[in-house]
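Student: This is the structure, below, for whatever I ask next.
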Amino acid sequence: MSPSAVQNEWAGRSGHYSPEFYAEYGPDTGTEAILEVLEKSVDTDASILELGCGGGRHLAHLHDHGYENLYGIDINEDAGEVIERKYPALEVDGTFYFDAIEDVVPTFETDAFDVVFSVETLQHIHPDNAWVFEDIARVTDDRLLTMENEPDGDELLTVTNVDDFPLYFRNWERIFGDLGWRQVHSSEGNIDTFRVFEKRAASSA
């Protein structure tokens, strides 16, 4: 499947795994894990970007806990309507971009965000667009968090088809390690691996 076909699949997604679906699902243990890291490492005025924010459930939870400098990217334009309806306070305080990560992230300045995080989003980036990972590392100033499905063992990339749709499982410790980031935390969930990175020049929180 081509990069544009992958993007189009998620841009037009409705029903299962759509922004509406995840907004109804609400925050979960993964959301709490992200909040716990942020509360230990950054102040509530930190600039925080979520890659693949969907209907806003993770950002809304952060907003409820005092974080207001929040940003989200989602390729599905329906996410904007869902955020406005489900999380009106977040919609007012947050800044959102409804376009592909590959189109938005390169436009940001270096170290634009104190924190950048993704939850089962980077696994949708086609291998031809893996160049965007360097931009993600570039625009992050303090903490980089990934909560993604990953390959078994030491493989860098595996492709898994779910309902004839490809998911690209990657070893994020190796990828962001090569881009100047040091892993300071890792934990295994039911299906995801949660990793927290800081720049190698910084000290641990």
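Numbered per the UniProt record's numbering, the sequence shown spans residues 1 to 205. Think of the CB as a built atom: it goes at the ideal place given N, C-alpha and C, for glycine as much as any other residue.
1. Note the first and the last residue of the continuous beta strand (DSSP E) segment covering H185.
2. Check whether the Cβ atoms of E150 and L179 sit closer than 7 Å, and answer yes or no.
3. Reducing DSSP to helix, strand and coil, say where F176 ends up.
4. Using the C-alpha atoms, what's the distance from C53 back to F194?
5. Take P88 as the anchor and find which of I48, Q183, E68 and D103 has the nearest alpha-carbon.
6. Who are the near neighbours of H63 in its chain, counting only those whose CB is closer than 8 Å to its CB and skipping five residues on each side?
7. Please classify G72: does DSSP put it in a helix, a strand, or coil?
8. Put F98 into one of helix, strand or coil per three-state DSSP.
9. Mind pulling the alpha helix (DSSP H) runs of 4 or more residues that sit fully within the UniProt domain "Methyltransferase" (48-140)?
Tutor: Here's the rundown:
1. W181 to E188
2. no
3. helix
4. 17 Å
5. E68
6. L70, Y87, A89, L90, D93 and G94
7. strand
8. coil
9. 57-64, 78-86, 88-93, 101-104 and 132-139
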